[in-house]
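Numbering of the sequence shown is given in the numbering used here, commencing with residue 40 and proceeding in unit increments.
In this text, a Cβ means the ideal position worked out from N, Cα and C, and glycines have one as well.
Treat the numbers as computed from the prediction; the structure is a model and nothing was measured.
One structure is given here, and the rest of the page talks about it.
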Amino acid sequence: MPLEFIDFPRVFNLRDLGGLTTRDGRVIRPGLLYRSDNLGVLADEALPPADRDRFGSLGVRTIIDLRQPAEIERHGGRAPDWTCSTWHNVPLNNPAWRDEDYSEVDGPAAYLLARYHEAAHSSGTYIARTIGLLADPAAVPVAIHCLGGRDRTGIIIAFVEDLLGVPDETIAADYHFTEQSTRRFMTWFRTVRPDARDLLPYLDVTPPEVILTFLADLRAEYGSVQSYLELHGLTEGQVQALRSIYLADV
């Protein structure tokens with residue numbers, strides 16, 4: 040399974056989902072769907088021209104930013120105009136990251152799982168809207184991001200992968216792969232936010248059991264990921280469009 044980062048200064052979690060295989064033997068087309076952490080940092084005037092050209096070579100047409108407007112203002116602004124033709128802000132409600140809710144006994148996995156359930160129940164319409172934007176053939180290639188690329192982006196991407204027929208073990212491996220970037224991201228983040236509190240263990244890990252349990256719980260409650268999304272506004276036609284756009288026969 041081809042999991043690798045596309046490195047840029049201060050962008051730690053950009054990667055192409057192309058190459059992931061589905062249960063029926065098809066493959067996600069390369070160069071059409073990217074997941075990332077904050078692409079707003081590409082607005083930095085110190086970005087080397089070669090890196091600007093290299094990002095441009097990806098051909099990204101649409102960027103979907105899942106951050107709240109206040110986050111965008113606080114963390115580098117939106118992705119600059121040269122990165123895409125169309126920019127959407129679909130702000131998913133942030134789970135309540137309360138330190139007092141964290142239990143050393145239960146550990147990071149239980150804490151993250153609870154936050155993901157909060158997001159699913161408070162942001163279903165926004166999640167469905169985001170995935171609907173991915174179902175537009177005129178939008179590709181698409182890059183979707185939040186701040187660190189783990190939680191909000193991780194939920195959206197896991198749902199898309201499920202709709203495309205990617206096996207759960209591959210979804211979990213893709214989610215867990217983010218852990219390699221989170222420590223580098225948090226190291227950088229603390230250089231720009233020296234007032235940041237001491238890190239709790241849930242901030243820089245992505246246990247695969249979190250996304251596996253989250254998907255299992257969602258299916259138990261709604262029947263399937265697709266049923267959950269359709270309840271919040273995604274259509275069967277959009278699901279079929281996703282498969283037509285992003286999947287190829289081997």
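- Task: Please say whether TYR73 and ASP55 have beta carbons closer to each other than 9 Å?
- Result: Between ASP55 and TYR73, the C-beta gap is smaller than 9 Å, which places the two residues in contact.
- Message: Does GLU200 pass the burial test, meaning 16 or more other C-beta atoms within 10 Å, or should it be called exposed?
- Response: Buried, because 16 or more other Cβ atoms sit within 10 Å of the Cβ of GLU200.
- Query: If we ignore side chains and look at the alpha-carbon of each, how far apart do GLY262 and ARG222 end up?
  - Reply: The straight-line gap from Cα to Cα measures roughly 35 Å.
- How many Å lie between SER96 and GLU43 at the Cα? Roughly 17 Å between the two C-alpha positions.
- Who are the near neighbours of LEU281 in its chain, counting only those whose CB is closer than 8 Å to its CB and skipping five residues on each side? Exclusion of the five residues before and after LEU281 leaves ILE170, LEU173, ALA174, VAL199, LEU202 and LEU203 as the residues of its chain whose Cβ lies within less than 8 Å of its Cβ.
- Query: For TYR285 versus LEU71, is the C-beta spacing smaller than 9 Å?
  - Reply: Yes; because the gap between Cβ atoms is below 9 Å, this pair is in contact.
- Counting only the same chain and skipping the five closest in sequence on each side, list residues whose C-beta sits under 8 Å from that of VAL129. Excluding residues within five positions, the ones whose Cβ falls inside 8 Å are ILE103, ASP104, LEU105, TYR165, ARG168, THR169 and LEU172.
- Item | LEU286 in three-state terms, based on DSSP | Reduced to three states, the DSSP call for LEU286 is strand.
- Message: Among the candidates LEU242, PHE51 and VAL99, whose CA atom is the shortest distance from the CA of TRP121?
- Response: For TRP121, the nearest C-alpha among the options comes from VAL99.
- HIS160 burial status per 10 Å Cβ neighbour count (16 or more: buried): Classified as exposed, HIS160 has fewer than 16 neighbouring CB atoms from the shown chains inside 10 Å of its CB.
- Message: The beta strand (DSSP E) that contains TYR72, what's its start and end?
- Response: According to the sequence displayed, residue 72 carries Leu and not Tyr. Where LEU72 is concerned, the enclosing beta strand (DSSP E) stretches over 72–75.
- Message: Counting C-beta neighbours from all protein chains within 10 Å, is the total for ALA255 16 or more, i.e. buried, or is it exposed?
- Response: So ALA255 ends up on the exposed side.
- With distances taken between CB atoms, is the gap from PRO247 to ALA287 smaller than 9 Å? If you check the CB distance, PRO247 and ALA287 do not come in under 9 Å.
- Query: Is it true that the CB of ILE250 sits closer than 9 Å to the CB of GLY193?
  - Reply: Judged by their CB atoms, GLY193 and ILE250 are nearer to each other than the 9 Å cut-off.
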